[in-house]
Each structure stands twice: as C-alpha cells, then as structure tokens.
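At position 221 of the sequence shown the residue is numbered 221 (UniProt numbering), and the sequence of numbers has no breaks. Note that CB positions come from ideal geometry on N, CA and C, so glycine has one too. Working notes for the structure below.
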Amino acid sequence: MKPPLSLLNPSMLSGSGSLMWFRKGLRVHDNPALEYASRGSTCVYPLFVIDPHYMELDPNAYSPGSTRAGINRIRFLLESLADLDSSLKKLGSRLLVLKGEPSEVLIRCLNEWDVRKLCFEYDTDPYYQALDDKAKNYASAAGIEVFSPVSHTIFDPADIIEKNGGRPPLSYQSFLKLAGEPSFSLSVELSWMPPVGDVGRCEILQVPTLKELGYVEKHQDEFTPFRGGESEALRRLRESLSDKEWVANFEKPKGDPSAYIKPATTVLSPYLKFGCLSSRYFYQCLKDVYKNVKRHTSPPVSLVGQLLWREFFYTVAFGTPNFDEMKGNKICKQIPWNDDDKLLAAWREARTGYPWIDAIMVQLRKWGWMHHLARHSVACFLTRGDLFVHWEKGRDIFERLLIDSDWAINNGNWLWLSCSSFFYQYNRIYSPISFGRKYDPNGNYIRHFLPILKDMPKEYIYEPWTAPLSVQTKAKCIIGRDYPKPVVLHDTASNECRKKMGQAYALNQRLNGRVSEEDLRKLRRKFDEDEDKQEPKPRRQRQKLIK
Numbered sequence: 001m002k003p004p005l006s007l008l009n010p011s012m013l014s015g016s017g018s019l020m021w022f023r024k025g026l027r028v029h030d031n032p033a034l035e036y037a038s039r040g041s042t043c044v045y046p047l048f049v050i051d052p053h054y055m056e057l058d059p060n061a062y063s064p065g066s067t068r069a070g071i072n073r074i075r076f077l078l079e080s081l082a083d084l085d086s087s088l089k090k091l092g093s094r095l096l097v098l099k100g101e102p103s104e105v106l107i108r109c110l111n112e113w114d115v116r117k118l119c120f121e122y123d124t125d126p127y128y129q130a131l132d133d134k135a136k137n138y139a140s141a142a143g144i145e146v147f148s149p150v151s152h153t154i155f156d157p158a159d160i161i162e163k164n165g166g167r168p169p170l171s172y173q174s175f176l177k178l179a180g181e182p183s184f185s186l187s188v189e190l191s192w193m194p195p196v197g198d199v200g201r202c203e204i205l206q207v208p209t210l211k212e213l214g215y216v217e218k219h220q221d222e223f224t225p226f227r228g229g230e231s232e233a234l235r236r237l238r239e240s241l242s243d244k245e246w247v248a249n250f251e252k253p254k255g256d257p258s259a260y261i262k263p264a265t266t267v268l269s270p271y272l273k274f275g276c277l278s279s280r281y282f283y284q285c286l287k288d289v290y291k292n293v294k295r296h297t298s299p300p301v302s303l304v305g306q307l308l309w310r311e312f313f314y315t316v317a318f319g320t321p322n323f324d325e326m327k328g329n330k331i332c333k334q335i336p337w338n339d340d341d342k343l344l345a346a347w348r349e350a351r352t353g354y355p356w357i358d359a360i361m362v363q364l365r366k367w368g369w370m371h372h373l374a375r376h377s378v379a380c381f382l383t384r385g386d387l388f389v390h391w392e393k394g395r396d397i398f399e400r401l402l403i404d405s406d407w408a409i410n411n412g413n414w415l416w417l418s419c420s421s422f423f424y425q426y427n428r429i430y431s432p433i434s435f436g437r438k439y440d441p442n443g444n445y446i447r448h449f450l451p452i453l454k455d456m457p458k459e460y461i462y463e464p465w466t467a468p469l470s471v472q473t474k475a476k477c478i479i480g481r482d483y484p485k486p487v488v489l490h491d492t493a494s495n496e497c498r499k500k501m502g503q504a505y506a507l508n509q510r511l512n513g514r515v516s517e518e519d520l521r522k523l524r525r526k527f528d529e530d531e532d533k534q535e536p537k538p539r540r541q542r543q544k545l546i547k
C-alpha cells in the first residue's frame, strides 16, 4: 500500500514562511506537521537541531557515545537525518541543521527568519514537553501560529486519559476498551515543497558525520546491521508485509530470542522510535493485510497488538508523574533494591559468568538491539531474578545503548519486568540457563557473541563452570581465567530474591503503598540481617567469584 499523494503544487502558495521543526517524525510520509507547514507557504524552513544534551561526546562514558546515547543510536539518527535530507531535496527543499540548546536555537531562528507558522510533531516525553512549552510561549507572544499535531502515536494519550476521568488506564485490556477503534486519516504525501527561504546570518550545517561530531570509532569486529532512515523503514515494512501468512500468524511472546542472522521480529521498533516509520501507516498496512487473509491473531499477541502495547505505555507514561522513577511514582512498588555497582558493572560488561546473559549484553553493546525475550531475560536477571539491583540502573543502560530506546516503553518494560508495576508474579523467573537452551540447544547464539566459548561442547555451553578441566582445556577456555565464574549461584540467588520480593510486597500492602525512605531502610537492614543468619558460604562465594 502506498501513502496517498498530495495535490500540493506551486499554484496553491500564498502567505509567508513556515518553520518545520523536526525532532522525531523523521519522515515525509504521513507527516501532518510537514504537510501543514507546506500548505499555503511561500517558503518552508525544515530545521533539525543537534542537541548537545543527547549528542555531545562523553569521553568518560563506559562505551563510545554521549552521556545519554551510545554510538549505535547516534549513528542511526545521523543516517535517518541524511535520508530525510535526501527526501526533502527530491521535493525541492533540504534539511537545515543547526547546533545548540534546541529552544534557544529555535527562538533565534524565529527572530531571524520570515516565519508565520511554527510546526512540529507533538511529543509526550517530559524533556520535549519542557522544550515545547518554551517554544509555544515565545511563538504565541510573537504572533506566530503554532501547529503541533499528534502523529507519533495512533491515539492521543490525553484523550484516553480524559475518557478515563483524568487517570491513565493501568491495564492493557482497560486501555483497549477506552481506546476503541482508532479514527484517523493519513496525511497526504507531498509531491513538491516550497523552497527554503533566506536563512540570514544563521550558520547552516550539513548533516554531520560521526567524525565531525568528535567520535572516533574504535575497531570492532561487528556493528549494528540496522541502518537508519525512512527509506530503510519502508523497505523493511514492505519486506515484512510481503509474507502475509507470517503477519497473520504473528504471536508474541512466541519467537526465538536466539535468532540473530534473521531476527524473529520485524525490527521496526527503532524506526518507530525516531518516527522514520509512521505508526499510523504501519497500523493501516496491517489492517489491510488482515482484510485479505482468512484468519489472523488478535491483540495482545498480534502485530497490531504490539502497536497497541506501545500506545498503552505512552498513555500510562504521559499520565503518571515520576513514571521513570520508583520514588514518587504511585503505580510503582517501593522496594529496597541492592546498591551494588560491582554486580551492575558485571551485568553491563557481560561478565556475569552466565553465557546466555552475557551474550545478550554483548549483542546490546554491538548492535544496540536484541529480541524482546532476550531483553526480558537480562532485565529479570539484574532485578528480581538474581542480582536484586535497582531497575532504574538497568533502565539507564538500556536507555543509552538501545537504538530503539523510547522513554515511555523502556521505563514501562523495566517496571513490568522488575515486578514493580503492571506484572506482579515475582515467583516466575527466567532461568539464565534453561531459558536460552530451550531455543538454541547448540548455543550458536552464545558462540557468535561470546567467541571465547565457541569450542565449548553444547552440554556445557550454558553452564561452562560445570565442565571438567580437561574439557575446558580442550575448548581453550578456562573458567575463572578466560571467562568468568558466575557472580551468583542462580538457585540460591533466585530463592533469596523471591523472599525479598515477598517481604517488600507485604510492606507495600500493609502501608497501602505509602512507603517512606525509613521504611525501606528498615527492610533493607532486615534483608542484610537475614543474609548474615544464613550459612555464610554463599555470600563469601559471591564475593570471591565477582573479583
């Protein structure tokens, strides 16, 4: 299915210039802000601001990138911008790139250029909400029209919350009932755009390269296979939709998390995150496929269901103060997590001694992406499954390294997987040994991402510390020297985690969620006392193994 074509042509022009401020929504198809900016304007300024908040090199970061974004996501963004620039040039325009604090740059441009309309896609992220308020206040005072449509999501989160009496729905099913069937018309695709106006004294940049931003890429044997941009997004969409049977029968959470040569999903999430692909267009394409097949899966497990999960998290995140924190978050269980930086570093740096966990974390660092069930495995392991480290610490690492890192979805998933909100069956734990083996008994995924284990026999690939020394020697991988011993013993650690979760849940229930810092400190002390009363061997062993 092709996006509808516009009737826009030069004879429709009148009036003055428009500024189209790109942030996400890095596309030409189904872009109502871009369409409105072009309509009736003599010139359009398509602007993107390189934001040091996200893009400035941090030489002290634990991996290449800025403080807030790893190099994979920065590269993906630059590729998306270059593709957008190419698309705009085909329409007779081009992308204007400036650098600086976005609201300051924008206000300078509004002062410098002949602009009567300011257009940008509405964004629910708190960071952009603050920026947008500054921009709208300035534009309104200057008599500049502001047009900020909701097009990053299928539904307007504010509408759903209003339908629910001012509160976000806290379950997927209640969200579906409130949302109903979406009602939208895809924006027309432009066949021509007004030219760029006089930019005055503003120093316009080309889309920069990584090198021009100060990044020196270290030698790496493997990089993310996913290229940014609208063109690639639409190509991947066509490829996915061409297999109508696969689309009709798609059923999450089924799928193979160990499949890396051909991932068992669409891998469209990074394109939705940056708005290279319109979620509304994707939704309509899926509905068109469903019309032409005899039967198909339904939400929550279908592909449409996955888009609606995205809508659910966007809505809850938008309507929940402090959604990205435990403190002050009314829907989050208050739990005295461990503050153990050594365990966190072992997890982040793929040194847990559990090959399934470590292979996933290597894929995250190299590709900036992994299958959703792989994400579930490592998130559970870090939090309520084994290490009992705060979900916010894991969230921060995912937020920085994932190319599809999305504020609402990333926080929502960590709340879910740590059993802090949405999902409360904390006794159900992903095994770092048997879960991966179920999908990949030969350990091919581990052998690829952890080549130090490539010669380990399949009988030991998921728990190599159990291999006899003779087997380790033959495999050229001595555990404790070439590959680490486990940082915790899974059976012991998972049982301890279950007990701690049970006590934390009881505290939250007894105090009706009004848990104070002192209450958490008391429970933390109780956890420590309980550990001291137990056989000291597991604790000494953990301290020894993590060295």
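Tell me the rounded alpha-carbon separation between residue i and residue j.
i: V150; j: D156; result: 6 Å
i: R235; j: S269; result: 14 Å
i: P299; j: F175; result: 12 Å
i: F312; j: Q284; result: 18 Å
i: N410; j: S470; result: 43 Å
i: E459; j: L453; result: 12 Å
i: T153; j: A467; result: 50 Å
i: D132; j: D125; result: 10 Å
i: L95; j: K526; result: 58 Å
i: D356; j: G305; result: First, the amino acid is wrong: residue 356 is Trp here, not Asp. Approximately 28 Å between the Cα atoms of the pair.
i: E349; j: M361; result: 7 Å
i: R227; j: F274; result: 12 Å
i: P457; j: P321; result: 50 Å
i: L19; j: D340; result: 48 Å
i: V97; j: S183; result: 34 Å
i: D256; j: L373; result: 8 Å
i: D30; j: S405; result: 22 Å
i: L81; j: G368; result: 18 Å
i: I160; j: M55; result: 33 Å
i: S278; j: K136; result: 24 Å
Mapping the DSSP letters down to three states, classify residue i as helix, strand or coil.
i: M501; result: helix
i: E35; result: helix
i: I429; result: coil
i: K136; result: helix
i: S151; result: coil
i: Y128; result: helix
i: K211; result: coil
i: W369; result: coil
i: F48; result: strand
i: K163; result: helix
i: W21; result: strand
i: V188; result: coil
i: E181; result: coil
i: S66; result: strand
i: Y483; result: strand
i: K438; result: helix
i: E518; result: helix
i: E145; result: strand
i: K476; result: coil
i: R75; result: helix
i: V97; result: strand
i: K544; result: Here the model assigns K544 a pLDDT of 44, short of 50, so the residue's position is not dependable, and the following value carries that caveat. Residue state, collapsed to three classes: helix.
i: V471; result: helix
i: L489; result: coil
i: L57; result: strand
Closer than 8 Å, CB to CB, is residue i near chain B or not?
i: T492; result: In the structure shown, chain B cannot be found, because there is only a single protein chain.
In chain order, what residues of the same chain lie with their CB nearer than 7 Å to the CB of residue i, ignoring the 5 residues before and after it?
i: A142; result: L110
i: L520; result: Q334, P336
i: L241; result: V247, C285, V289
i: V293; result: K244, A248
Leaving out the 5 sequence neighbours to the left and right, which residues in its chain are closer than 6 Å to residue i when beta-carbon positions are compared?
i: F147; result: Y36, C119
i: D324; result: N411
i: I403; result: N72, R73, F76, P270, G368, W369
Which residues in the same chain as residue i place their Cβ atom closer than 8 Å to its Cβ, once the five residues preceding and following it in sequence are excluded?
i: N515; result: Here residue 515 is Val; the residue named in the question, Asn, does not match the sequence. The residues are Q334, L507, N508.
i: P441; result: K458
i: A233; result: R27, L268, Y271, C276, L277
*Check whether the segment 22–30 touches the segment 112–129, counting contact only when three or more Cβ pairs, one atom from each stretch, lie closer than 8 Å.*
yes
*Quick one: complete alpha helix (DSSP H) runs, 4+ long, within the segment 281–345?*
303–319
*In chain order, which continuous runs of the alpha helix (DSSP H) of length 4 or greater are located wholly inside the segment 346–411?*
355–367, 372–380, 391–401
*Unbroken alpha helix (DSSP H) runs of length 4 or more, entirely within the segment 227–280: which are they?*
230–242, 244–249, 269–273
*asked:* Assess contact between the segment 42–52 and the segment 98–112, defined as three or more Cβ pairs (one per stretch) separated by less than 8 Å. Is contact present?
replied: yes
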